[in-house]
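Chemist: Here our numbering is used: the first residue of the sequence shown is 1238, the next is one more, and so on. We treat Cβ as the ideally placed atom computed from N, Cα and C, and that holds for glycine. Predicted model, so just to flag it, every value in this text is computed and none were measured.
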Amino acid sequence: MSKATPAARLNEGKKMSESQDQPWTVLRLLDWTTDFFKRKGSESPRLDAEVLLAHARDCERIELYTAFAEEPEEEQRVAFREMVRRRGEGMPVAQLVGYREFYSSRFRVNDATLIPRPETEHLVVETLDCAKQFSLNRPLQIIDVGTGSGVIAISVAQSCENAVVTAVDISAAALKIATWNAQKLEVADRIKFMQSDLLTAVEQPERFDMICSNPPYVSEAEYKALSPTVRDFEPRGALVSGPEGTEVIAQLLEQTPDRLQIGGRLIIELSPMIADACQALALANSAFGDLRFIKDLDGHRRILSLQRT
Ligand SMILES: C[S@@+](CC[C@H](N)C(=O)[O-])C[C@H]1O[C@@H](n2cnc3c(N)ncnc32)[C@H](O)[C@@H]1O
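Spelled out as structure tokens, the structure:
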């Protein structure tokens, strides 16, 4: 039984009914939802709440800050409430709103595509840095293997005007989204999309200047331990490589020497947990040299960059 005095209980009851009478302003909706997402275990509860409310109100997230006292219309509140419910069940915010920002552009995503991660921007930066070191009197030939929503191929094409990009994926559904993104971001004329198991169906050009890839690199055991928000909503084929996590990268390392120009670069995203194993695989192949790792913001080895010697 409560030890509160009758007066305190009365006061508490009064506060609760006052709070129920408060209008559901933007600020109150954000505070309530942040608290709800926190309890559901979200790693970014405030951000999630803001992105969803901005989407329901069809405005930019920043615009919420000058609208704290406004009361969203009933229709917007209904749409927001539904998204909050589904987020509470684990659905990723990017799938709820249908997009994710990556390298300063907005990319459409759905349940056929991996949701682009910020770490992958390091791969784009390394690719663009390496691209500057080529001095060719022809377009730079770059391939993105496992393009997903097309973030790597499109970001590279946007920033490197001399690049002609091939983008492949084993998933036809992902390629549809990637093609839509390339059209929307106006680089479709410099990207050729095609379905292929790694490089096997790619005939032209015979050799690329650069091969980049963010392949599946999660092991079966790691997959089981992933958060339900990832495991239950993102495509398994975009995440899992096999029992070790290194299988797809090993295949790519095998296929690359015949498809890369001498002096060309292979740039692969990986998990820090398999960095040693991938380094050993690369060093065992005499076709590669100048091996270096690029670390992510947490200081973990995240990108493997190799030269075809
Ligand atoms: C980790 S996701 C990367 C997606 C996107 N590049 C990104 O960085 O957000 C891996 C992608 O590789 C594709 N994939 C998996 N196995 C493949 C294979 N054998 N050949 C080509 N693509 C493959 C998946 O469909 C998925 O789109």
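(1) Between Gln-1492 and Leu-1503, what straight-line distance do the alpha-carbon atoms span, to the nearest angstrom?
(2) Name the residue from Trp-1269, Glu-1308, Glu-1310 and Val-1263 whose alpha carbon lies nearest to the alpha carbon of Arg-1298.
(3) Compare the C-alpha of Ser-1508 against each of Ser-1456, Glu-1471, Leu-1518 and Ser-1523 and name the closest.
(4) At a cut-off of 6 angstroms, is Asp-1258 close to ligand 3 when judged by its beta-carbon and the heavy atoms of the ligand?
(5) Do Val-1388 and ligand 1 come close, with the Cβ less than 6 angstroms from some heavy atom?
(6) For a test of the three-state rule: what should DSSP assign to Cys-1449, helix, strand or coil?
(7) Please state the DSSP three-state secondary structure of Lys-1532.
(8) For Thr-1588 and Trp-1261, I'd like the C-alpha separation in whole angstroms.
(9) Following a CB-centred definition, is Asn-1451 positioned closer than 6 angstroms to any heavy atom of ligand 1?
(10) Flag Pro-1353 as yes when its Cβ comes closer than 6 angstroms to any non-hydrogen atom of ligand 1, and as no otherwise.
(11) Could you check whether the stretch 1420-1428 touches the stretch 1477-1495, counting it as contact only if at least three pairs of C-beta atoms, one from each stretch, sit closer than 8 angstroms?
(12) Whose C-alpha, out of Gly-1526, Met-1447, Pro-1452 and Leu-1377, is nearest the C-alpha of Phe-1484?
(13) At a threshold of 6 angstroms, does Ser-1396 count as lining ligand 1 (C-beta to nearest heavy atom)?
(14) Quickly, what does DSSP pair Ile-1428 with across the bridge? List them, please.
(15) Can you name, in chain order, every residue of its own chain whose Cβ lies under 8 angstroms from the Cβ of Met-1238, other than the five neighbours on each side?
Modeler: Checking against the coordinates, here is how it stands:
(1) 11 angstroms
(2) Val-1263
(3) Ser-1456
(4) Ligand 3 is not part of the structure shown, which contains ligand 1 as its ligands.
(5) yes
(6) strand
(7) Lys-1532 sits in a strand when the DSSP states are folded into three classes.
(8) Since the first and last residues shown for the chain are 1238 and 1546, residue 1588 lies out of range.
(9) yes
(10) yes
(11) no
(12) According to the sequence provided, residue 1484 is Glu. The question's Phe does not apply to it. With distances taken between Cα atoms, Glu-1484 lies closest to Pro-1452.
(13) Answer for Ser-1396: no, Cβ out of range of ligand 1.
(14) Val-1402
(15) Low per-residue confidence applies at Met-1238: pLDDT is 41, beneath 50, and the placement is therefore not dependable, though the value from the model is reported in the following sentence. Same-chain partners within the cutoff: there are none.
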